[in-house]
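The structure under discussion appears below in the form of structure tokens.
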Amino acid sequence: MAIVDNHGRQDATVRLSEATPGDYFALLKPRVMSLVVFTAVVGLVAAPVSVNPFIALVAILSIAVGAGASGALNMWYDADIDGKMARTASRPVPSGRIQPEEALVFGLVLSFFSVMTLGVIVNWMAAALLAFTIFFYVVIYTMWLKRWTPQNIVIGGAAGAFPPMVGWAAATGSLSLESVILFLIIFLWTPPHFWALALFKSGDYARAGIPMMPNVAGVASTRRQIFAYALVIAPVGVLPWALGFASAAYGAVSAGLGAGFVWYAWQVLQMADGDRSMRPAKALFAFSILYLFAIFAAYLLDTIAGRLWI
Numbered sequence: 024m025a026i027v028d029n030h031g032r033q034d035a036t037v038r039l040s041e042a043t044p045g046d047y048f049a050l051l052k053p054r055v056m057s058l059v060v061f062t063a064v065v066g067l068v069a070a071p072v073s074v075n076p077f078i079a080l081v082a083i084l085s086i087a088v089g090a091g092a093s094g095a096l097n098m099w100y101d102a103d104i105d106g107k108m109a110r111t112a113s114r115p116v117p118s119g120r121i122q123p124e125e126a127l128v129f130g131l132v133l134s135f136f137s138v139m140t141l142g143v144i145v146n147w148m149a150a151a152l153l154a155f156t157i158f159f160y161v162v163i164y165t166m167w168l169k170r171w172t173p174q175n176i177v178i179g180g181a182a183g184a185f186p187p188m189v190g191w192a193a194a195t196g197s198l199s200l201e202s203v204i205l206f207l208i209i210f211l212w213t214p215p216h217f218w219a220l221a222l223f224k225s226g227d228y229a230r231a232g233i234p235m236m237p238n239v240a241g242v243a244s245t246r247r248q249i250f251a252y253a254l255v256i257a258p259v260g261v262l263p264w265a266l267g268f269a270s271a272a273y274g275a276v277s278a279g280l281g282a283g284f285v286w287y288a289w290q291v292l293q294m295a296d297g298d299r300s301m302r303p304a305k306a307l308f309a310f311s312i313l314y315l316f317a318i319f320a321a322y323l324l325d326t327i328a329g330r331l332w333i
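Take a look at the structure:
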């Protein structure tokens, strides 16, 4: 509960947290965390080494906590704009259930312990990558790019693409071309995924003053860029097979998923200018989530099957 003065400001001396454990869990952005953990697991399992189960568990838990820390720090910094957007107004900080300083301390503590745990128990290469990922998401993307350029999600998308590289580094202590390709799949997937969302949430972003592509370059330009990215992501998704890192079965699955991505993006490109339903954009957004989970699941299963076959 908070006491508010005549100017609408909260008195920091009498603020009491109303947070529940569920609020702190929400602060971790669990849906985003699940994607981070999954892609990190794929990177770790795909690495051509045998990993001690305990080390693997510590690595994945550390990456999960680091991802949650990033989410908490993002919610701390973005509380002002989150409160202006319908889809984020109920988050713990803008709703007042968690005070901003609580979110900040929570995120910093989790960041420190996740990186140190990964470094001390697993290896410092993975820890350094995790630390850079947290820094990139919080400082480069959240504090800088998000509010200043329509290319925010293009450059900032790298933060969400690092987890498979962190998983690979946790297993091997190094990086490789294979891990870079996994990075590229997520990196190139991010802009069309978020721009599809921005098409039907442009009002939210406009109220918050976030320069998302539809609000800056216009809807038509955004649709063209979504389709261009789809044409790139489709062949990149097949690269693991083309370069010999995966089997023909993975190649067929990834090609089918890539074709689906292009088809949905084509529907967005052909969307009528006056279509307020934004059904094609919503359909692409939903499919893009399926695409990423499916292509990484296919890669994971292909890796496991290949080792069992040998």
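The sequence shown lines up with residues 24 to 333 when you count with the numbering used here. No residue lacks a Cβ here, since even glycine has one placed at the ideal position from N, Cα and C.
With a CB to CB cut of under 6 Å and the five nearest residues on each side skipped, what residues in its chain are close to residue i?
i    : result
A129 : Inspection of the sequence shows that residue 129 is occupied by Phe rather than by Ala. Correct list, in chain order: A95.
G142 : A150
N175 : L168, K169
I249 : P215, W218, A288, V291
F308 : A219, L220
L315 : W212
G179 : Y164, L168
A82  : V145, A193
Y160 : S93, A182
D325 : A269, S270, Y273
Among the residues of its own chain, which have a CB less than 7 Å from the CB of residue i, if the five just before and after it don't count?
i    : result
A92  : G130, L133, S134, S137, I157
F185 : L152, T156, F206
K224 : R110
G329 : S270
A231 : I104, K107, M108
V74  : L67, A194
P173 : P234, M235, M236, V239, A240
K305 : F223
According to DSSP, is residue i part of a helix, a strand, or is it coil?
i    : result
V189 : helix
A149 : helix
R330 : helix
M108 : coil
A42  : coil
S244 : helix
I249 : helix
I144 : helix
T172 : coil
I233 : coil
G226 : helix
G119 : coil
V162 : helix
G196 : coil
V255 : helix
Considering just the uninterrupted stretch of the alpha helix (DSSP H) at residue i, what are its terminal residues?
i    : result
L222 : 200-223
I78  : 76-100
R136 : Note that residue 136 is Phe in the sequence shown, not Arg. That run of the alpha helix (DSSP H) goes 123-140.
R114 : That residue, R114, is in no alpha helix (DSSP H); it is neither H nor E in DSSP.
S57  : 53-69
P237 : 236-239
I178 : 175-179
Quick one: residues in its chain with C-beta nearer than 8 Å to the C-beta of residue i, no 5 flanking neighbours on either side, listed in chain order?
i    : result
I256 : I208, L211, W212, P215, G281, F284
V59  : I86, A87, A90, G183, P186
I78  : I144, V145, A193
For the ligand NAP, any of its heavy atoms closer than 6 Å to the Cβ of residue i?
i    : result
M235 : Among the ligands in the structure shown, none appear at all, so the ligand NAP cannot be discussed.
For this session: Go through the region 261-310 residue by residue and report every complete run of the alpha helix (DSSP H) that reaches 4 residues or more, in order.
Result: Counting only runs of 4 or more, we get 271-292.
Exercise. Hey, is the region 280-288 in contact with the region 195-209, meaning 3+ C-beta pairs nearer than 8 Å?
Worked result: Touching, no, given that fewer than three Cβ pairs across the two stretches are closer than 8 Å.
Exercise. Three or more C-beta pairs closer than 8 Å, one from the region 49-67 and one from the region 75-93: is that the case here?
Worked result: Contact holds: three or more Cβ-Cβ distances are below 8 Å.
Exercise. Is the number of C-beta pairs between the region 148-156 and the region 109-118 that are closer than 8 Å three or more?
Worked result: Too few Cβ pairs lie closer than 8 Å, so no.
For this session: Please determine if the region 186-193 and the region 60-73 are in contact, where contact requires at least 3 C-beta pairs separated by less than 8 Å.
Result: Yes: the two stretches touch, three or more of their Cβ pairs being nearer than 8 Å.
For this session: For the region 205-213 and the region 258-265, state whether three or more C-beta atom pairs, one from each stretch, are separated by less than 8 Å.
Result: Enough Cβ pairs lie closer than 8 Å, so yes.
For this session: For the region 232-241 and the region 283-293, state whether three or more C-beta atom pairs, one from each stretch, are separated by less than 8 Å.
Result: Touching, no, given that fewer than three Cβ pairs across the two stretches are closer than 8 Å.
For this session: Determine contact between the region 290-305 and the region 315-322, defined as no fewer than three beta-carbon pairs at a distance below 8 Å.
Result: The region 290-305, when compared against the region 315-322, does not touch it at the 8 Å Cβ threshold.
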